[in-house]
Amino acid sequence: MNRRLFVFTTVAAAVAAIIATKPSKEGAPHDAYFSNINEQLKGNSQSKPTLVIDLNQLDNNIAELEGLVNEQAAYRVVVKSLPSTDLLKHIMQKADTNKLMVFHQPFLSLITQEMPASDVLLGKPMPIGAVRYFYKHTDFSTGFAPTEQLQWLIDSEQRLKQYLALAKEFGVKMRINIELDVGLHRGGLKSPEQLDGLLDIIAANSEFLSFSGFMGYDPHVVKLPPIIKKRADAYSESQAIYQSFIDRAAEHASNIDINSLCLNGAGSPTLQLHKGSTVCNDLSAGSCLVKPTDFDLDTLASMQAASYIATPVLKKEQGTRIPGLEGLTNVIPKWNPNRAQTFFIYGGAWMAKYESPAGIIPNGLFGKSTNQQMVNGPAHLQLDVDDFIFLRPTQSEAVFLQFGDIQTVRDGKLANQWPVFSESA
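Everything in the sequence shown is counted per the numbering used here, starting at 9 for the first residue and increasing by one.
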């Protein structure tokens, strides 16, 4: 091949490769479901970013729990993923449980007031200052009794000694649940031998401490790439680690009744794995009930998306005008037909993915904005100012608290507004 032919062939191949990457036109209007909610929100809402939960889809997911939770285990609702008293009460009634897992001191204090019959397990170790604040500022006249209804999570001997000192100071007895590292490596005891010292401290201070069980969180089991470790092997290993701590507790302290302990585990991603066989008798999940996009997992295939962010279109323009690149306003859509229209929405930069109408895409050149996010769509997309765009949160715990009251939908109609938790408790 001569040099001229080689150059021509190389250039042709490069051009072909570029053409092959040219985006094709996509997009479609709201389907009947989102079109209906869009019209109702336009007529009945404050026309601001709103968190929407579909109660029909939520109830379907609650019903699906029966097929995911092991029959020998109790179901515990994860509060951080569902931070609303009304939402929690709805789920607890439908799922027939009073068990909650709490990760935040203000939420714990609120639950003692609003749901005083709850059985609460802390999902992470609380700084001693937060524990002190809880005992000092919580009104226990509601009937919530920490000695029977609350388990504090401990991850080290140092933290246990802090809690013991506080228990003596306040004259209270604290139930102690011990965090285990079953493979996630995010804290907790790493070897059964570490358990001995903790159990000895608890036994020597029975007036102030009691041992209530273990907690071992295992989401890594479904997140590990198969090339690193097969899911079945990762699950078996995590269960074996958990069992080794149970065995150690039974050997070290013969007076411990293992059957009376709270042996907590799972999480939304791994509920299904615990269904077949588990060493746990207490299984936690929360996010799967509203199913953000991070939980679009094969283990949760039976669950439906039940939560959306709805936000109004503030402005609409033709083409894509980027500061400093105004000359490309009409050129950009010729390369990417999905940028033929520009919309500025109310708010933005949420941990969420655009859901409806199909074809809406963010504009990376313009950049993110929490005030007026620029998004683009194809020319045939019929979307006007005051219409709503819908997104699916990627997670619920950090997102649900950003919008004020949750707007519920039942049978395709706007229903109740449910307040979310505040930080003021």
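Glycine included, C-beta positions come from ideal geometry on N, C-alpha and C.
Just reading off the beta strand (DSSP E) that Asp62 is part of, what are its end residues?
Segment 58-62, the beta strand (DSSP E) holding Asp62.
In chain order, what residues of the same chain have a beta carbon less than 8 Å from the beta carbon of Leu188, not counting five sequence neighbours either side?
The residues are Gly196, Leu197, Phe222, Met223, Gly224, Ile249, Tyr250, Phe253.
Exposed or buried, Asn384, counting other C-beta atoms within 10 Å across all chains shown (16 or more means buried)?
Burial call: buried.
Can you give, in chain order, each stretch of the beta strand (DSSP E) that sits fully within the stretch 323-356 and has at least 3 residues?
For the stretch 323-356, whole beta strand (DSSP E) runs of length 3 or above, ordered along the chain, are 349-354.
On a Cα-Cα basis, can you pick out the residue from Glu177, Leu322, Leu297, Lys323 that is closest to Met311?
Selected option, being the one with the closest Cα: Leu297.
Thr93 lies in the beta strand (DSSP E); which residues open and close that run?
It is not in any beta strand (DSSP E) - Thr93 instead sits in the alpha helix (DSSP H) that spans 93-103.
Which residue comes first and which comes last in the alpha helix (DSSP H) that contains Asp127?
Careful: Asp127 lies outside any alpha helix (DSSP H), inside the beta strand (DSSP E) at 127-130.
From Asp147 to Ala125, what distance separates their C-alpha atoms?
Roughly 14 Å between the two C-alpha positions.
Can you tell me which of Glu34, Phe42, Ser55 puts its alpha carbon nearest to the alpha carbon of Thr319?
The option with the nearest alpha carbon to Thr319 is Ser55.
Check whether the stretch 407-425 touches the stretch 362-376, taking contact to mean three or more Cβ pairs, one atom from each stretch, closer than 8 Å.
The stretch 407-425 vs the stretch 362-376: no contact.
Which whole-angstrom value describes the C-beta separation of Ile162 and Ile184, a residue pair presumed to lie in contact below a C-beta threshold of 8 Å?
So it is a contact: roughly 5 Å between Cβ atoms.
Per the DSSP calculation, Cys296 is bridged to which residue(s)?
Partner(s): none; Cys296 has no beta bridge.
Between Leu291 and the rest of its own chain, which residues show a CB-CB distance below 8 Å, the 5 nearest in sequence each way excluded?
Excluding residues within five positions, the ones whose Cβ falls inside 8 Å are Val77, Asn78, Ala81, Ala82, Tyr83, Arg84, Asn272, Gly273, Ala274, Leu279, His282.
Do you know whose CA, among Ala261, His228, Ser199, Ile266, lies nearest Pro277's CA?
Here the closest residue by C-alpha is His228.
Whose C-alpha, out of Gln159, Leu116, Glu405, Arg347, is nearest the C-alpha of Pro386?
Nearest option by C-alpha distance: Arg347.
Taking C-beta to C-beta, are Pro365 and His38 nearer than 7 Å?
Yes, these two residues count as a Cβ contact at 7 Å.
Kindly indicate the opening and closing residues of the alpha helix (DSSP H) around Glu34.
Taken as a continuous stretch (DSSP letters only), Glu34 belongs to no alpha helix (DSSP H), as it is neither H nor E.
Under a Cβ-count criterion, where at least 16 other Cβ atoms within 10 Å of its own Cβ denotes burial, should Gln380 be classed as buried or exposed?
Gln380 should be labelled exposed.
Just to confirm, are Phe178 and Tyr143 a CB contact at a threshold of 7 Å?
It is a contact, given that the beta carbons lie within the stated cut-off.
Would Asn46 count as contacting chain B if we go by Cβ distances under 7 Å?
Structure shown: chain B not included; a single protein chain is present.
Given Glu436, which residues of its chain have a CB within under 7 Å of its CB, disregarding the five upstream and five downstream residues?
Outside the shown range of the chain, which is 9 to 433, sits residue 436, and nothing can be said about it.
If Leu436 and Ala257 are in contact, beta carbons under 8 Å, what's the gap, nearest whole angstrom?
Residue 436 cannot be examined here, being either before or after the span of the chain that is shown, 9 to 433.
Look up Ile235 in the DSSP assignment and say whether it is helix, strand or coil.
Three-state DSSP puts Ile235 in coil, outside helix and strand.
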